[in-house]
Structures are given as C-alpha cells and as structure tokens.
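Protein chains: 2
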Amino acid sequence: MRRAARRPDPRAIDEREFHRWLARRLPAGRTGPLPLGDDAAALRPPSGTVAVISTDSLVEGTHFLADSPPGLVGRAATAVSLSDVASKGSRPVGVLLAIVAPPGTPERWAREAVRGAEREAARFGAHVLGGDTKPGPTRAIVSTVIGWGWPRRLAPRSGARPGDVLLTTGTVGRGGLAFHRLGHGPRQRALAELLRVDPRVREGIALGRFADAMLDTSDGLADASRLLAEASGVRVVVDEDRLPVAPALRAGVASPGARRRLAFFGGDYELLAAVPPGSVARALRAVRAAGGRATAVGSVGAGRGTFLRSNGREVRMPRAGWRPFRRSARR
Amino acid sequence: MRRAARRPDPRAIDEREFHRWLARRLPAGRTGPLPLGDDAAALRPPSGTVAVISTDSLVEGTHFLADSPPGLVGRAATAVSLSDVASKGSRPVGVLLAIVAPPGTPERWAREAVRGAEREAARFGAHVLGGDTKPGPTRAIVSTVIGWGWPRRLAPRSGARPGDVLLTTGTVGRGGLAFHRLGHGPRQRALAELLRVDPRVREGIALGRFADAMLDTSDGLADASRLLAEASGVRVVVDEDRLPVAPALRAGVASPGARRRLAFFGGDYELLAAVPPGSVARALRAVRAAGGRATAVGSVGAGRGTFLRSNGREVRMPRAGWRPFRRSARR
C-alpha cells in the first residue's frame, strides 16, 4: 500500500465530510424512522399505499457541461425522476442522489447540486434523504425518487382502452425548441433551457384518479404515444390541430415541417394520459384545480399503431427525435 | 436539427430495446402492481414494515476496468447496495440499475451487467425491477436497493449504548488483501477480487432483531467503529486478538504492521453490530442459524473515541485505508 505523496486539497470533495454535511441538513426524525446519514433511508408507507420508485441519470457531455451551474444540474436530475413517479399518479416523498465527480472537484459543486435537488424536491413536499459520492473521470448525477402511490391509480402504460381520450399536460415542443437553439445561439443558455424540466407532479396525482394509462413525454409526445399504443395493444391517433404547441416554438421557428419535428422531438416531460370518455371533464377540472393545464389531443381505438391526424387525413406519427445511444440525432 | 451521418451500430445499446429486453425478463405481476418496463416500479409494503432504500455507485477506472467482466460489475454494484439495506436489518426486494456507457457499447455488456445484478438479487429473493441507460464517456453502474424493514429493528448507527458488545460477521481484511494484491500480482484478478462483495443479508436480518446499532464495514472495521462511536456518542474498543482475520491475509502477508493496516483497509462489506450483553448469545446463534458467522470483537463504553486493545494496552484505532476523493491512499 502506497502512502499519499500529495497533500489533499481541502476544498475537494471528501465523501465522509459531504455525508456529514448532508446529514446536518434535515432535523432527524422528520423524514422517517432513521436519521439522515445512516447506511440507508427509511420511510413509513401511509396506509393503503404502495412504494413507487424510479431512477434516472444526467451525464456530463450528454446532458450538461462541466461548467453548467451545479444547482441546475441537481435540480434537473431530480426533476426527471420526479416526473416518472408523478406519471404513476404517485406522491413523491424522498430523493437519493448518487454523484460521480472527478477527484479534486470542489465540494461546493456537489453541495450546490444537492441544494438544487432539495429545492426541486421541496416544491412537492419531498426531501433529499441521502446520497453517495464517488470519484470518476466525468461528472454524473443519478437520482432515485421514491413516492407513495395508490394501487388502483397507478395508470400502467398497458392500461389504455379503446374509447379512451388522450390528454396531455402543458405544451409540446419546449424541449425540441431548446435543442434547436443549441445549434442557433448561445450554447450554455440552450443547455440550461434543456435542463429546465418542470415535472408535472400535482397534475400526475390529479390525473391518476381518472387515467387508465399514463406516462411522461420525456422522449416527446410521438414517442410516448407509441409506447402507450404498444404496451396497451391499441391504436392511437393524435390530432395535430389540437396540439398545445409551445408559444415560443410557434414564434421562433417559421417552417411548419421543422416545427412539427421539434414539437415531437422530446425533452418536454409533460404527462400523456388515456382517460375514459366519461371522466375527461372531471380530469381536466382536477388538473386545473391542481394549478396545471391539460388538453385533449387525441383518441385511443381498437387496432395497432400511432397516427397523426393532420388537415383531415391520418399520417404515420413522426419518429421521436433523440435516440442517443445510436450515435444519431434522428433515425 | 442534424440528420445522422452514420448508420447506427445494431449491436450497440439502444435504450428502448434494452428496456424491452429488461421488461421481458420477469413475468408481469410477480414483483408488484405495475408491469416491469413502466415509468416506475411499484411494490406493496408488507403490513407493519417501512421502506428502506439505499444507493451506491461503481465507476470505471475507480472500481473496475473497461474490460472487467460486466456480469461481475453488475453483481458487485448490486451487492454494495444490498449490504446497506441489510445493515438496517431489512429484507431487500427490488433493485434499480442506472447504467452509463459510451455510445457504441455493445448491448451485450449492459445485458451481462443486468444478469449479474439479477443473480445477486435472486440469492436473497429480490429482483431487478427496472433501470435506465444513458450514454456517457465512461462506464458506471448505480444501483438502488429497496427493502422492507421493521421500525424497531432498524439499528441506526446512533443507537449503540454503553455496555453493548460489538459483533462482526465474517472476517476482516479480505478487501485489504485484494487491494494489496493489486500492487503484487495480476491486476485483473485482484480487481475481480475487490468486486467480489458478499453482502451479509441473512446475517443482517438476523442481527436486526437484537442490535441497538448496525452498519456495514464497506470502509473497514476501524472506520465503521469510528462512525458508530461518533453517531452514538460512545467509546468503542476493539480487541485485536479477537479479530477474525481472513486466513488468506494471515497466510499472504508476513509483516504484522502491514497485516493490521490491511485488516482495517476497507472493502470487507461485513456487518458491525452493537448488541446488548444479554442478547449476545442469541444474536450469535441467530447468525449461525442464518448460515453465517459472527464474532464478538469489542465493547461499547461511556466516553468518546475508538481504540484498539492490543497486547493488553489500548492504542488509537488505525485510520481507514481509502478516502478516494482526497487523491490519497491514506490520510
């Protein structure tokens, strides 16, 4: 075993110090029967609920840059997992963060990332419960969110039935526009826009009471429609005229073809829900009461496949924009 | 938006295909009220239990190499989180895997990693419930384990009381010896040994019935003793003569000083428990009945600090071996 030749940098991450700092952030007992900073976090399930968990990753070079503001990275890393839990109609309660950073990374970076995660979690009454830091050549943050769901409101992707109406929260195309701007303006600002994920937690809990099936549109509405159609064995038709296209996309991109591609590109993190026709009005009201917006954008029928109704005729749904592992922007 | 110039490599990871493959691996319904492959996993808590979750990371270059067998990497990534959940006396039920890998990484690599994780989880009746793959410059696997614990058996680090007896499972020094061999033999084999974490899940569940405090010795027994003493506000004395030193360490390293350093180096992933004196005999029997071994190695007293009793006198406990973020092997 080798003794260290170099003096450690006192500002660099020290896993133990970082955990102590993390453990001091919340009063013991507030989040569950184990103090923060222990080997694991413990959470008491409310009566009648099930635990709903999801994990997602943001990686330097793929989703953010070395000089992206760490608070924004931590916030986004948390938001993407919050979105998954929300899409199962569930209430998030806890966040675990696994942070990878090069040796010598200032502890400030990790602390800012945690603060960003905490702020995002707190918006929905959830808390950062713990985490892990490991040295590695590139920064990455993996967030795991745990929440409580209701067994009959989990809205599995496979639950859509012919006759259901498709609702989407918010707008489409925000993520596509941010991606478009990567090539047409200040890169750092466009990347920051891509990181501004606003998970539809309250909307998800509201829609879970009515939806047969629900999922988030992290890879775009076209992609989510396809996943829904495949998992449920149904035919999905989206009505292009009814799409709530983001105003900035309408204003910022002149070509209708480009606009359509960007609308379906992905990175929107809205919710897409299949709701029985008799519940649509109540579901729309519930989303408004939760402070959000939802729009009926299509329908579920018997059959297979996903289609776009455009100017009165049905065309095949455009492909999702981004499949990063295949080294291609579009397939 | 740029169209792809290159044809995608059909053997490379495609996140969607990978998720489909993952979802096909377990019959729907077997693990909970949501099918695998949905946006999140859902698990029904057994009556009277709390959810216990922990997350941990293995990073290429820090914990494994690009050519380390992926099955072993997936197994180890799962084992380290299983160990944390076990240290809270809890029964693991589900594993989520977040895999980062460079674009073009063969999907085979990720599948083998998942299979390794599944085999490890299955040893304890748990399942891989889902995961996430993202492109990034370096491979990393983050595992999150969820289990069910019993509120009065969580054995927080802060629960040790004067009079408690310290028990450790297994042996000490296995991790230190593997690290030692990194500098004295075939590197790949030594790295594989470091990855061979054998989480003490059954032992943890058995000890949880008796322990006031428990944690794993991922950073070594000296380090775990210190964490226990600090969190509980107690004085810990470990008796060197009673340490169950790994036979391979006794046989493989001649110098007593080096042997001691390696015994406390870390990477053992045993459990260290503080048990009231009246329960020690039952706790030892319970561990044996669970197929494991445990040894009384020290005591908890009033006061502060951690000490080693060696040849009749008390010396300060050696420091843990490995604090990776500080760019030093020892501090």
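Chains as they are written, first to last, in this note's numbering: chain B, 2 to 332; chain Y, 2 to 332. Idealized CB from N, CA, C, for every residue including glycine.
Not a single C-beta of chain B is nearer than 9 Å to the C-beta of Glu194 of chain Y. Distance from the Cα of Asp68 of chain B is smallest, within the candidate group B:Ala259, B:Arg26, B:Leu192 and B:Arg182, for B:Leu192. With fewer than three CB-CB distances shorter than 8 Å, the stretch 32 to 45 of chain B does not count as touching the stretch 157 to 170 of chain B. At least 9 Å separates the beta-carbon of Thr63 of chain B from that of Trp151 of chain B. Nearest CB-CB separation between Leu216 of chain Y and chain B: below the 9 Å threshold. For Leu222 of chain Y, not one C-beta of chain B is nearer than 9 Å to its own C-beta. Below the 8 Å Cβ cutoff, chain B contributes Val51 as neighbours of Gly33 of chain Y, in chain order. When B:Gly95, B:Gly176, B:Tyr270 and B:Leu183 are compared, the shortest CA-CA separation from Leu37 of chain B is found for B:Gly95. Residue-level contact check: Ile147 of chain B touches chain Y, since one or more beta carbons of chain Y fall below 9 Å from its beta carbon. Put simply, the CB of Val276 of chain B is far from chain Y, with every gap to its CB atoms at 9 Å or more. Proximity of Thr56 of chain B to chain Y, defined by a Cβ-Cβ separation below 9 Å, is satisfied. Rounded to whole angstroms, the gap between the alpha carbons of Thr307 of chain B and Val239 of chain B is 8 Å. Counting only Cβ-Cβ distances below 7 Å, Ala123 of chain Y has no contacts in chain B at all, with the closest Cβ about 19 Å away. Residue-level contact by beta carbon fails for Ala247 of chain B and chain Y, as no gap is shorter than 9 Å.
By the C-beta density criterion, Glu315 of chain Y is exposed, having fewer than 16 other C-beta atoms within 10 angstroms. A straight-line Cα-Cα distance of about 24 Å links Leu98 of chain Y and Ala214 of chain B. Listed along chain Y, no residue sits closer than 8 Å to Val115 of chain B by beta-carbon distance, the nearest being about 14 Å off. Inclusion of Ala274 of chain Y and Leu208 of chain Y in the CB contact set at 9 Å is warranted, their separation being smaller than that value.
Nearest CB-CB separation between Leu44 of chain B and chain Y: below the 9 Å threshold.
At least one CB atom of chain Y sits nearer than 9 Å to the CB of Gly38 of chain B. Buried is the label assigned to Ser226 of chain Y, since at least 16 other Cβ atoms lie within 10 Å of its Cβ. Residues of chain B with a Cβ closer than 8 Å to the Cβ of Thr63 of chain Y are, in chain order, Lys135, Pro136 and Gly137. In the three-state DSSP reduction, Pro93 of chain Y falls in the strand class (E or B). With a beta-carbon spacing of about 7 Å, Ala13 of chain Y and Pro107 of chain Y fall inside the 8 Å limit used to define contacts. Residue contact check for Pro319 of chain B against chain Y: no CB pair falls below 9 Å. The bridge partners DSSP lists for Trp110 of chain B come to none. Residue state for Phe211 of chain Y is assigned as coil, using DSSP reduced to three classes.
With respect to chain B, the C-beta atom of Pro157 of chain Y has a partner C-beta closer than 9 Å.
One Cα belongs to Ala291 of chain Y, the other to Ala122 of chain B, and the distance between them is close to 39 Å. As DSSP reads the structure, Trp22 of chain Y sits in no beta bridge.
In this structure the stretch 183 to 197 of chain B does not lie against the stretch 116 to 135 of chain B, because fewer than three pairs of beta carbons, one per stretch, are closer than 8 Å.
Judged by DSSP secondary structure, His128 of chain B falls outside any alpha helix (DSSP H) and instead within the beta strand (DSSP E) spanning His128 to Pro136.
Following the DSSP letters along the chain, one finds Phe180 of chain B inside the alpha helix (DSSP H) bounded by residues Arg175 to Leu183. Contact annotation: the stretch 70 to 86 of chain B touches the stretch 196 to 203 of chain B, with at least three C-beta pairs closer than 8 Å.
Shown here, Ala255 of chain B sits in coil according to DSSP, grouped into three states, outside any helix or strand.
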